[in-house]
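Asks:
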Ligand code: ADE
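Residue numbers (the working numbering): 780 to 1028.
1) With respect to 7 Å, is the separation between the Cβ of residue 989 and the closest non-hydrogen atom of the ligand ADE below this value?
2) Going by DSSP, name the residue or residues bridged to residue 1024.
3) Taking the runs of the beta strand (DSSP E) that are 3 residues or longer, which of them lie wholly in the region 921-971?
4) For residue 995, write down the residues that DSSP places opposite it in a beta bridge.
5) Residue 973 and residue 966 look like a contact to me (Cβ under 8 Å); what is the Cβ gap, rounded to whole Å?
6) So is residue 1018 buried or exposed if we call it buried at 16+ other beta carbons inside 10 Å?
7) Whose C-alpha, out of 876, 872 and 999, is nearest the C-alpha of residue 954?
8) Flag residue 855 as yes when its Cβ comes closer than 7 Å to any non-hydrogen atom of the ligand ADE, and as no otherwise.
9) Quick one, which of 878, 806, 823 and 875 has its alpha-carbon nearest residue 795's?
10) For residue 867, which residues from the same chain have a beta carbon less than 8 Å from its beta carbon, with the 5 sequence-adjacent residues on both sides left out?
11) When the distance is taken between beta carbons, is residue 976 closer than 8 Å to residue 835?
12) I need the DSSP call for residue 790, collapsed to helix, strand or coil.
13) Out of 1007, 839 and 1015, which one is the CA nearest neighbour of residue 930?
14) Taking three-plus beta-carbon pairs below 8 Å as touching, is the region 910-922 in contact with the region 840-850?
15) With residue 820 as the anchor, note down where its beta strand (DSSP E) starts and where it stops.
16) Is residue 971 a contact residue of the ligand ADE, with contact defined as CB to any heavy atom under 7 Å?
17) Output needed for residue 790: all residues of its chain with C-beta closer than 8 Å, excluding positions within five of it in sequence on either side, in chain order.
18) For residue 818 and residue 908, I'd like the C-alpha separation in whole angstroms.
19) Let's see if you can read the secondary structure: which residues bound the beta strand (DSSP E) around residue 803?
20) Is the closest heavy atom of the ligand ADE to the C-beta of residue 995 under 7 Å?
21) Cβ of residue 887 versus every heavy atom of the ligand ADE: is any distance shorter than 7 Å?
22) With a threshold of 7 Å (Cβ to nearest heavy atom), would residue 1005 be considered close to the ligand ADE?
23) DSSP state of residue 979, grouped into three classes?
24) Run the proximity test for residue 951: is its beta-carbon closer than 7 Å to any non-hydrogen atom belonging to the ligand GDP?
25) Looking only at its own chain, which residues have a Cβ that is under 7 Å from the Cβ of residue 922, when we skip the five neighbours before and after it?
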């Protein structure tokens, strides 16, 4: 069975796509699924597009039609923990849909599910944290130029394991990120897909992990910071960490 690798954006998936030995291309629900080998493993690679519904649809296809045995969702995120900076890498141990607020349920709880969060696979979380560390220590300085690292103030990036919060909102407000941080345990970052992908994986009983490089601080500077990072740097982080994770599976 193949592994499933997803990114939301063209910029995030660009280098991974280039590294894949593609044997088949199939379009389902308006999304292209590439089948082939990536770093020696049978893989299905797809770009979900942005948002929770896009992610859920793509993961459903990946599991139901392509039979993926595990799912890696990789991309960028806004930092929610003040200790995190641009270029740091968050690995999920759980994820939350921060815009879910259904009547009769706990805050963030998806009706029909127990609790307010979805658990990542502990083995994938541990392997991904090691993979990110290897990328930072061994490869990053070769794969990004000194100019790129200086531009984004990246010197010794850290790996953080914790909660990823997803919602159909680009968050660019200190007040909002504080509000979320006060309500979500061990919140590390915010993005727009991971916890929806996680929900589908949990429903299908398939292990998953979310990998997110911090592109901005989820604050008032975020629109500009995010745009610069996603255009110039995100692809190197997604390729580096996904590569090291796949090699260690
Ligand atoms: N992805 C990257 N940065 C983000 C932010 N600030 N809010 C939501 N998704 C993001």
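All C-beta atoms, glycine included, are put in the ideal place defined by N, C-alpha and C.
Replies: With the given structure in hand:
1) no
2) Looking at the DSSP assignment, residue 1024 forms no beta bridge with any residue, so it has no partner.
3) 938-945 and 966-970
4) 857
5) Wrong, their Cβ atoms sit about 13 Å apart, outside the cutoff.
6) buried
7) 999
8) yes
9) 823
10) 858, 936, 937, 938, 939, 992 and 993
11) yes
12) helix
13) 1007
14) no
15) 820-826
16) yes
17) 1009, 1010, 1013 and 1014
18) 18 Å
19) 800-807
20) yes
21) no
22) yes
23) helix
24) Looking for the ligand GDP in the displayed structure turns up nothing; the ligands present are the ligand ADE.
25) 1015 and 1019
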